[in-house]
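Q:
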Amino acid sequence: MDSKITSIEKKYLVGKKIEMSLVESLTPTLWKSFVPSIGSIQNRVSKEMISLSVYPTDYFQNFNPNRKFIKWAGVEVSSLMDLPEGVEVLEIPAGLYSVFLYKGLASEAGPFFQWIFREWFPKSEYDLDNRPHFEVLGDKYKNEDPSSEEFVYIPIKPR
1 MDSKITSIEK
11 KYLVGKKIEM
21 SLVESLTPTL
31 WKSFVPSIGS
41 IQNRVSKEMI
51 SLSVYPTDYF
61 QNFNPNRKFI
71 KWAGVEVSSL
81 MDLPEGVEVL
91 EIPAGLYSVF
101 LYKGLASEAG
111 PFFQWIFREW
121 FPKSEYDLDN
131 RPHFEVLGDK
141 YKNEDPSSEE
151 FVYIPIKPR
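According to UniProt numbering, the sequence shown holds residues 1 to 159 in order.
1) Let me make sure I understand the geometry here. Which of G15, S124, S3 has the alpha-carbon closest to that of L83?
2) Note down, one range per segment and in chain order, each alpha helix (DSSP H) of at least 4 residues found wholly within the UniProt domain "AraC effector-binding" (1-157).
3) Hey, out of T29, G138, K11, K32, whose CA is closest to L80's CA?
4) Quick one: does the C-beta of K123 sit closer than 7 Å to a heavy atom of the ligand FMN?
5) If I'm right that V75 touches I50 with Cβ under 8 Å, what's the distance once you round it to whole angstroms?
6) Looking at S53: is its Cβ nearer than 8 Å to the Cβ of P132?
7) Relative to the alpha-carbon of K17, which residue among E9, P28, S7 has its alpha-carbon at the smallest distance?
8) What separation, rounded to the nearest whole angstrom, lies between the Cα atoms of N143 and K4?
9) Could you compute how far the alpha carbon of V77 sits from the alpha carbon of I41?
10) According to the Cβ coordinates, are Y153 and Y97 closer than 8 Å?
11) Return the Cβ separation of P155 and L128 in integer angstroms, given the expectation that the two are a contact with Cβ distance under 8 Å.
12) By the 10 Å Cβ neighbour count, where 16 or more other Cβ atoms means buried, how is W115 classified, buried or exposed?
13) For G138, which residues of its own chain have a beta-carbon under 6 Å away from its beta-carbon, when the five flanking residues on both sides are left out?
14) With S21 and N66 assumed to form a contact (beta carbons below 8 Å), what rounded beta-carbon distance in angstroms separates them?
15) Quick one: Cα of S25 to Cα of Y141, how far?
Shown next as structure tokens:
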């Protein structure tokens, strides 16, 4: 699996969030609550959707699948004007990311992420940075379809 190192500018995500763990995933519930409001969000940068996670600082050093984190379902916007009721805003700070292409069922992504943290990071010139992790769900994303594709953004910093 290859990755591409990219630097992103600050972004604004408009969406909904929920606290959850990997064991008690509430991702489908979150998306079902957010999708009806997508059409009323103005100033969208693209048609892509973003699935984003904000983890506690030491989440990966003391990994426990029962530990809670904040999960977002959202879209990127160019302006925070005229937001519909019921949505929130998250600023994604500028920074370096390693971008991976994931193909397959989201429910079967465990080994993919294990590879990133157990093999890619130790061999790379980077450490994990404490910024949001996110997936860009574009034209080739098909929820729970084996041919689905999404781009996975992992925050990094030079060692």
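Ideal placement from N, C-alpha and C gives every residue a C-beta, glycine not left out.
Since the model is a prediction, treat every value here as computed from it, not as a measurement.
A: Answer, in terms of the structure:
1) G15
2) At a cut-off of 4 residues, the continuous stretches assigned as alpha helix (DSSP H) that sit fully inside the UniProt domain "AraC effector-binding" (1-157) are 27-34, 110-115.
3) K11
4) The ligand FMN is not among the ligands present in this structure, which contains no ligands whatsoever.
5) The Cβ separation is near 6 Å, so the contact holds.
6) Yes, the Cβ-Cβ distance between S53 and P132 is below 8 Å.
7) P28
8) 24 Å
9) 8 Å
10) Closer than 8 Å, so yes.
11) 7 Å
12) Exposed is the call here.
13) E48
14) 5 Å
15) 20 Å
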